[in-house]
Amino acid sequence: MKRLAPSYLPPIALDHRKKTPIYRQLYEWFRSAITSGQLRPGQRVPSTRALCAELKVSRIPVLNAYDQLHAEGYFTTIVGAGTCVATSIPDDALNVHDARVSDTSREVIPRQGPRKMSTRGITLTRQQQQTWLNNLGAFRVSLPALDHFPNREWSKLIARHSRRPAKGIMAYGDAMGYLPFREAIAEYLGASRSVRCAPSQILVTTGSQQGLQLTAQVLLDPNDRVWMEEPGYPGARQAFSTAKAELVPVRVDQEGMDVATMIDRGRNARAVYITPSHQYPMGVTMSASRRMLLLNWAVRTGAWIIEDDYDSEYRFGSRPIPSLQGLDENGKVIYVGTFSKVMFPALRLGYVVVPSDLVPAFSAAREATDIFSSTLYQAVLTDFIREGHFARHLRRMRMLYMERRTALINAIEVEMNGMLEVIGSEAGMHLVALLPNGASDVEIASRAAQNGISAMPLSSCYRKQPRRGGLILGYGGVNAHQIRSGIRTLRPIIESQSAK
Ligand SMILES: Cc1ncc(COP(=O)(O)O)c(C=O)c1O
Numbered sequence: 074m075k076r077l078a079p080s081y082l083p084p085i086a087l088d089h090r091k092k093t094p095i096y097r098q099l100y101e102w103f104r105s106a107i108t109s110g111q112l113r114p115g116q117r118v119p120s121t122r123a124l125c126a127e128l129k130v131s132r133i134p135v136l137n138a139y140d141q142l143h144a145e146g147y148f149t150t151i152v153g154a155g156t157c158v159a160t161s162i163p164d165d166a167l168n169v170h171d172a173r174v175s176d177t178s179r180e181v182i183p184r185q186g187p188r189k190m191s192t193r194g195i196t197l198t199r200q201q202q203q204t205w206l207n208n209l210g211a212f213r214v215s216l217p218a219l220d221h222f223p224n225r226e227w228s229k230l231i232a233r234h235s236r237r238p239a240k241g242i243m244a245y246g247d248a249m250g251y252l253p254f255r256e257a258i259a260e261y262l263g264a265s266r267s268v269r270c271a272p273s274q275i276l277v278t279t280g281s282q283q284g285l286q287l288t289a290q291v292l293l294d295p296n297d298r299v300w301m302e303e304p305g306y307p308g309a310r311q312a313f314s315t316a317k318a319e320l321v322p323v324r325v326d327q328e329g330m331d332v333a334t335m336i337d338r339g340r341n342a343r344a345v346y347i348t349p350s351h352q353y354p355m356g357v358t359m360s361a362s363r364r365m366l367l368l369n370w371a372v373r374t375g376a377w378i379i380e381d382d383y384d385s386e387y388r389f390g391s392r393p394i395p396s397l398q399g400l401d402e403n404g405k406v407i408y409v410g411t412f413s414k415v416m417f418p419a420l421r422l423g424y425v426v427v428p429s430d431l432v433p434a435f436s437a438a439r440e441a442t443d444i445f446s447s448t449l450y451q452a453v454l455t456d457f458i459r460e461g462h463f464a465r466h467l468r469r470m471r472m473l474y475m476e477r478r479t480a481l482i483n484a485i486e487v488e489m490n491g492m493l494e495v496i497g498s499e500a501g502m503h504l505v506a507l508l509p510n511g512a513s514d515v516e517i518a519s520r521a522a523q524n525g526i527s528a529m530p531l532s533s534c535y536r537k538q539p540r541r542g543g544l545i546l547g548y549g550g551v552n553a554h555q556i557r558s559g560i561r562t563l564r565p566i567i568e569s570q571s572a573k
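This is the structure in structure tokens:
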């Protein structure tokens, strides 16, 4: 068995007032830690000298306890490693009847008495099982081209900041984020998204999901009505429903959310959530007239507009559409953005552009939640932006995603025999492929997941079952070969479902 590195040793509590001698207490503690699986076979234990110093006891009882444990086969000495838990503990020493022994990660608390959860907790666990998100295979949505990420430049910058880190990189930081990073973001958003803001309005977040959560915390009370695009982004739905808001779906057509209908019905709305530059998931762009209508309505009614601008850097046919925030003269828009698509999702960096009068509230909410984001990565990304790597990476990815999008559309055309209708492919990193009438997208996505394909069912973006199902297919993280073979894997699954 592979020997484990020295690892965390649970605290040893010795009681000097007890009649049981110290050596015996130590012996019993180790024996029980081994038999219960807290200490694992091969794991290094401290030297007698180190343990004496740690427990502030003399060496004799520790030596006696270790001798006893050696003699009974619990400890062994490995040359070069010192004293370790034996790799073969006698079976009769292990509590083999107890399932907890072999798996230390299982809980040991007996389940007694009432175990009440909040309604929020219950709502969260009621989510549909999403097996299609369990793999990173072809068509996984929101996955960028990780194999084209400039790791060399990135790792150099990480090394630069971590070799001799400034005090500010390692200490507690500002809840709103690292100032040079906020300055870089404000500049970038102004130039590329026509967002109007000062660095003081930028709140750095752990991805846009946290941006939505904080927005919900600051703006919404239970039962407040939030108007949502239908279909729309499930992550936003989750964020607002954990704030116990009442979510009201508004249909999406070729010009984005049907704003006129919403205004007609939405007299007492607290907020509206929209993805105007690239509607998620349908891919349409909100028309200029609807944008103006929405902004005027927000001023009249006092409702907030939560604009999620998650991937508009990737627009293929035309220049990126300016943000709605840039048209807002009255501080009604909360603008949420992310580095998940333009960098990589595990970076967990995003931002909210907060109207200046709300900055103290957002800052306090962040402080109360998790204080602030990792400064190291904020500093590294600041240099990545300032030194031109970011703009270069974006340009390259735009070209690459354009090629991948074309490859996917071609593969669907060639392989699918007209079974799928492609929509929303002018921008971003995904498209929607509508299925033949009657085919269940959840069924298809589940079967695809069993075959290593990650296709998201369109119906998961609806509150009510849509008339026609579809698959949301991401093409950012797949090359042309994987696209073709992924579509070939999907074909028989879709055919068999459509024949039903
Ligand atoms: C509409 C939308 N907003 C935001 C995000 C990104 O979320 P995050 O920044 O938390 O990774 C996604 C990712 O899938 C998305 O589709």
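First residue of the sequence shown? That's 74 in the working numbering, and the numbers climb one at a time after it.
A virtual CB, placed ideally from N, CA and C, is assigned to each residue, including glycine.
Any non-hydrogen atom of ligand 1 closer than 7 Å to residue i Cβ
{"i": "Gln282", "result": "yes"}
{"i": "Thr315", "result": "no"}
{"i": "Ser533", "result": "no"}
{"i": "Ser530", "result": "Here residue 530 turns out to be Pro, not Ser, going by the sequence shown. No."}
{"i": "Thr348", "result": "yes"}
{"i": "Pro565", "result": "no"}
{"i": "Thr358", "result": "no"}
{"i": "Thr442", "result": "no"}
{"i": "Tyr251", "result": "no"}
{"i": "Ala288", "result": "Note that residue 288 is Thr in the sequence shown, not Ala. False, no ligand heavy atom lies under 7 Å from that Cβ."}
{"i": "Thr448", "result": "no"}
{"i": "Tyr408", "result": "no"}
{"i": "Asp381", "result": "yes"}
{"i": "Pro418", "result": "yes"}
{"i": "Val214", "result": "yes"}
{"i": "Ser413", "result": "yes"}
{"i": "Tyr548", "result": "no"}
Residue burial classification, residue i (beta-carbon count within 10 angstroms, cutoff 16)
{"i": "Tyr424", "result": "buried"}
{"i": "Gly329", "result": "buried"}
{"i": "Met416", "result": "buried"}
{"i": "Asp171", "result": "Note that Asp171 scores 45 on pLDDT, short of 50, meaning its location in the model is unreliable and no value can be drawn from it."}
{"i": "Asp381", "result": "buried"}
{"i": "Val169", "result": "Residue confidence for Val169 is low, a pLDDT of 45 falling below 50, so the modelled location carries little weight; the figure read from the coordinates is stated next. By the neighbour-count rule (16 or more Cβ atoms within 10 Å), Val169 is not buried but exposed."}
{"i": "Pro217", "result": "buried"}
{"i": "Ile526", "result": "buried"}
{"i": "Ala309", "result": "buried"}
{"i": "Thr192", "result": "exposed"}
{"i": "Arg236", "result": "exposed"}
{"i": "Lys189", "result": "exposed"}
{"i": "Ser175", "result": "With a pLDDT of 46 at Ser175, under the threshold of 50, the modelled position of that residue is not reliable, and the figure given next carries that caveat. Label assigned to Ser175: exposed."}
{"i": "Gly210", "result": "buried"}
{"i": "Arg520", "result": "buried"}
{"i": "Val158", "result": "buried"}
{"i": "Pro187", "result": "exposed"}
DSSP bridge partner residues for residue i (one or two, in chain order)
{"i": "Tyr346", "result": "Met301, Ile379"}
{"i": "Gly115", "result": "DSSP, once it has assigned bridges, lists no residue as partnering Gly115."}
{"i": "Val503", "result": "Note that residue 503 is His in the sequence shown here, rather than Val. His503 pairs with Gly547."}
{"i": "Cys125", "result": "According to DSSP, which records beta bridges pairwise, Cys125 is partnered with nothing at all."}
{"i": "Thr411", "result": "Gly423"}
{"i": "Gln335", "result": "First, the amino acid is wrong: residue 335 is Met here, not Gln. Bridge partners of Met335: none, in fact."}
{"i": "Asp326", "result": "Gly329"}
{"i": "Arg564", "result": "Answer by DSSP bridge pairing: none, since Arg564 is not bridged."}
{"i": "Phe148", "result": "Val158"}
Under 8 Å between C-beta atoms of residue i and residue j
{"i": "Val621", "j": "Leu366", "result": "In the structure displayed, the chain extends from 74 to 573; residue 621 sits before or after that span and is not available."}
{"i": "Gly549", "j": "Met502", "result": "yes"}
{"i": "Pro272", "j": "Arg298", "result": "no"}
{"i": "Pro114", "j": "Ile162", "result": "yes"}
{"i": "Ile567", "j": "Leu508", "result": "yes"}
{"i": "Ala312", "j": "Gln282", "result": "yes"}
{"i": "Ile556", "j": "Leu481", "result": "yes"}
{"i": "Ile242", "j": "Thr448", "result": "yes"}
{"i": "Arg343", "j": "Trp377", "result": "yes"}
{"i": "Val291", "j": "Ala441", "result": "no"}
{"i": "Leu142", "j": "Tyr96", "result": "no"}
{"i": "Phe389", "j": "Ala500", "result": "yes"}
{"i": "Val426", "j": "Cys270", "result": "yes"}
{"i": "Ala452", "j": "Tyr261", "result": "no"}
{"i": "Asp401", "j": "Leu431", "result": "no"}
{"i": "Asn208", "j": "Ala522", "result": "yes"}
{"i": "Val505", "j": "Gly263", "result": "no"}
{"i": "Ala259", "j": "Leu293", "result": "no"}
{"i": "Val323", "j": "Met301", "result": "yes"}
{"i": "Pro134", "j": "Pro94", "result": "yes"}
{"i": "Leu544", "j": "Pro530", "result": "yes"}
- prompt: If you scan the segment 241-310 from start to end, which runs of the alpha helix (DSSP H) of 4 or more residues do you find wholly inside it?
  reply: 252-266, 280-292
field: Completely contained alpha helix (DSSP H) runs for the segment 174-236, where each covers 4 or more residues
entry: 192-198, 224-236
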